[in-house]
Every structure is written in structure tokens, then in C-alpha cells.
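Quick note: the sequence shown uses our numbering, first residue 2, plus one each step. Glycine residues also receive a C-beta, built at the ideal position from the N, C-alpha and C atoms. What follows is a single structure, written as C-alpha cells, with notes after it.
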Amino acid sequence: MKAGLLRLPALCIAAVILLTFGSASADGLDVSAKGAVLIESRTGKVLYAKNAHEKLPMASTTKIMTALLAIENGNLNDIVETDASAYGTEGSSIYLDYEEKISLKDLLYGLMLSSGNDAAVAIAVHIGKGTNKFAEMMNARAKSIGALNTNFVTPNGLHDENHYTTAYDLARITAVAMKSPVFREIVSTQYYRAETGAKPRTFKNKNKILWEYDGGSGVKTGYTKIAGKCLVFSAERNGMEVIGVVLNCPGMFDDAKAMMNYAFENYETATMVKAGNTIAGVDVAGGEKNILELKAGEDIIVPVRKGESASYRTRVILKEGLHTPIAEGTELGCVEVLDDGALLCTCPLLSAKDMPGVGIRFYFDKLMRCFTA
2 MKAGLLRLPA LCIAAVILLT FGSASADGLD VSAKGAVLIE SRTGKVLYAK
52 NAHEKLPMAS TTKIMTALLA IENGNLNDIV ETDASAYGTE GSSIYLDYEE
102 KISLKDLLYG LMLSSGNDAA VAIAVHIGKG TNKFAEMMNA RAKSIGALNT
152 NFVTPNGLHD ENHYTTAYDL ARITAVAMKS PVFREIVSTQ YYRAETGAKP
202 RTFKNKNKIL WEYDGGSGVK TGYTKIAGKC LVFSAERNGM EVIGVVLNCP
252 GMFDDAKAMM NYAFENYETA TMVKAGNTIA GVDVAGGEKN ILELKAGEDI
302 IVPVRKGESA SYRTRVILKE GLHTPIAEGT ELGCVEVLDD GALLCTCPLL
352 SAKDMPGVGI RFYFDKLMRC FTA
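Quick look at the structure:
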């Protein structure tokens, strides 16, 4: 039990959660990847998996984490001066000059569209004061996301035997990154003209999903001889977004399309609870009333397998020892949605109204009513 919280059965919302849900089986779907996974982006529910937890090299899909850290820890208008460690980096490049001055924003577009290995090093030096320190930041962020079978050594994915992830971990990292409007804008861009730097640069996105798949929204390609062809991809249709990963996948674009087709043909989303719905009540001391109603702070939307029956479970968790005054909109608990016993997503529970404290006049009047009753 969490300190200060009380777990309750979700009887108060049981009537709205008995929807039709199904398993994540994918009969007839097979991909050439050594490791693959497809998740619904909002909840992270796995819709398809193949060796999803096998540790594998991921080549330039590494740059998803590099971009996320740059966005979280830097300023897009920062001017970065490239040093010797970035100049002449092997592999795919945006051909930075030694001591060239270029904005972090332009480096990020070069990183994610043209897969610049030199851009990755320049970002690592700027954000982490060096590639080793930046790798520590990458690993700490991975752990905070729950990507526990991942280890980063380089900011660009050039091969190192200790540099690896899993399809599942990489999908989780990407789902977090896609919550950033800046990241989402970058990876969905087909062409970008740099605004700074020593020479004109136009970047073309290497991700064919943006051109060839209806609803395609990202995110990153990768390749080395050892890692093989790697792709992290995403698309949204009818309000449902999926994120997929294929590692060491000879037919990466075709397999990605097949996986997404499977998801959109077999799943849809359903709203379990609407934001603002009254969900529960919580005991509060020091007010004219003892119970304060709580409302859902956001929609609870989950993926639904079409035509099959199952159900998600919920659990309401409320804070204990509450005392007035409490302002409307204060978070006082949450609803947990469980899928086969595992936590799928949570929704905050907020106070539905103000509950001010009572003064001595309230207690005096209450006492007088007792004498006159």
C-alpha cells in the first residue's frame, strides 16, 4: 500500500468498464524481424509481439533517446559549437565542420531526419558535457521510463557490444518521447531546411512511413551491419495511435505496414470514463460535510479488440487523513486500470468542488441545535 493512500474496489465505476476487450493474439501475422512489438501509444498495451524482450542492438533508433534528452534538458535556440569529437564522425552524417556554430534545433532535425551521427555527438557534448556523461543520462532516463533491459553507450547507435535494447523497451521510450510536441513535430517532418550553420542544409526524412502509410506520424530508421535494418514507426487512425518497433528486420517497411494494418483492422479505442465524471467520494475532516466527491481528471481511453469478450479491472486509490480546506481540482487519488493483473494506465481523481473549513460559528450553531432538539 502506498503511504497515505487507501486502495478500494472500483465498485463505483464497474458499470462503465464492462466493455468488450480481447487478447493480443495476432493469428496470421508474422514478420521477418528478430525482435518486434506493437503497442497502443496511450496505454502501452501490447497488441503484437515477437521476441519483444530479447536484447538486441538498435543502430540509429538510439537517437530517439538522444533527441528526448536534448529536448528535455536543452533550449532549441542554443547555439552549439562542434568540437573535434563530433567532426568527422563515421557513418551517416550532416557533415558538420570543426568549430561550426549551429542551433540545437537544427541539430535535432539533422539527427532525426538525416540520422546524423555527428549531430548526435555534438548534442551529447552540449547536453552532457561529453559522450560518457551523456550515456549515463541516457541510461538513467531509460530506467525512469521502465526500460530495464536497455543499456546505452553511444548517442548515435554505432556498434558497441554493450549497447543494446529490446523491442519492448524501445517502444516504451518512444511512447514517452511522442508525448513531447517538439519531438512529435520533428519526427513527422518530411523535409527541413536548416536556419543556422556554416553552409545551407536541407534534410529529408529517411522514414518512408511518412510518405507511404496513411496516418504515418514517425519515428526513426536505423542500420548497421551487426544490428541489421531497424525501424521505430507510428501511425494514427480514428483516434488510435500505435507505435511499433522492428529490430534486425530485412523487410522493415513492409513488416511495419503489416503490423499497423493488423492493429487498425482488429482494434479500436473505447472511453471507459470521461473527464469530469464523478467516480468516488473521500472522507474529509473539518468541513460541513464529511464526504467530498471526486471526479476523473482526464478521459480513460483503452484499446478494444473488436468482437471479442473480456474486461479490464479497475482499482480506486484514495488519500487518507484529509482535512479542510481543500480547493476544487486538488488531486486526491487515482483510478488504476489493470490488464490481466498488470497496471495499464492511471487517471487522477480531483476534488469536484471547494471544501472550506468551518469556523467556531458552525460548531456553536450545531451545539445549540442539540439543546433545542
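Inset, instruction - Please report how far the alpha carbon of Ser-189 lies from the alpha carbon of Val-220, in whole angstroms. - result: 7 Å
Inset, instruction - List the whole-angstrom C-beta distance separating Ala-176 from Ile-40, where the pair is believed to meet the contact cut-off of C-beta under 8 Å. - result: 7 Å
Legend entry - beta strand (DSSP E) runs wholly inside the segment 30–55, at least 3 long, in chain order: 36–41 and 47–51
Inset, instruction - Pick helix, strand or coil for Met-59, following the three-state DSSP scheme. - result: coil
Legend entry - Nearest-angstrom Cα separation, counted from Arg-202 out to Ser-115: 11 Å
Inset, instruction - Jot down the residue ranges of each uninterrupted beta strand (DSSP E) in the segment 202–283, minimum 3 residues, whole runs only, in chain order. - result: 203–205, 217–225, 229–238, 241–248 and 268–274
Inset, instruction - Would you kindly check if the distance between the Cβ of Thr-90 and the Cβ of Glu-101 is under 8 Å? - result: no
Legend entry - Within 8 Å, strictly: CB atoms of Ala-53 and Val-38: yes
Inset, instruction - May I ask you to report which of helix, strand or coil DSSP gives Gly-334? - result: strand
Legend entry - Proximity winner among Ala-276, Ala-172, Val-122 and Thr-272, relative to Pro-304 (alpha-carbon distances): Thr-272
Legend entry - Contact set for Leu-323: own chain, Cβ-Cβ below 8 Å, skip 5 residues either direction: Val-283, Asp-284, Val-285, Ala-286, Leu-293 and Leu-333
Inset, instruction - Ignore the nearest five residues each way along the sequence and tell me which others in Val-183's own chain have a CB closer than 6 Å to its CB. - result: Ile-72
Legend entry - Status (buried if at least 16 other CB within 10 Å, exposed otherwise) for Tyr-193: buried
Inset, instruction - Identify whether Val-285 lies in helix, strand or coil by the three-state DSSP scheme. - result: strand
Inset, instruction - Inspect the beta-carbon positions of Val-34 and Val-247 and report whether they are closer than 8 Å. - result: In the sequence under discussion, the amino acid at residue 34 is Ala, which differs from the Val named in the question. Yes. Within cutoff.
Legend entry - Rounded straight-line distance, which links the Cα of Cys-231 to that of Thr-225: 9 Å
Inset, instruction - Reducing DSSP to helix, strand and coil, say where Ala-328 ends up. - result: coil
Inset, instruction - On the DSSP bridge assignment, give the partners of Leu-109 in chain order. - result: Answer is none; Leu-109 lacks a bridge partner.
Inset, instruction - Would you mind sorting Ala-343 into buried or exposed? The rule is 16 or more other CB atoms within 10 Å of its CB. - result: exposed
Inset, instruction - Step through the CB atoms of chain D and report whether any lies within less than 8 Å of the CB of Leu-293. - result: No chain D appears in the structure shown, which is made up of a single protein chain.
Inset, instruction - Within 10 angstroms of the Cβ of Tyr-99, are there 16 or more other Cβ atoms? Answer buried if so, exposed if not. - result: exposed
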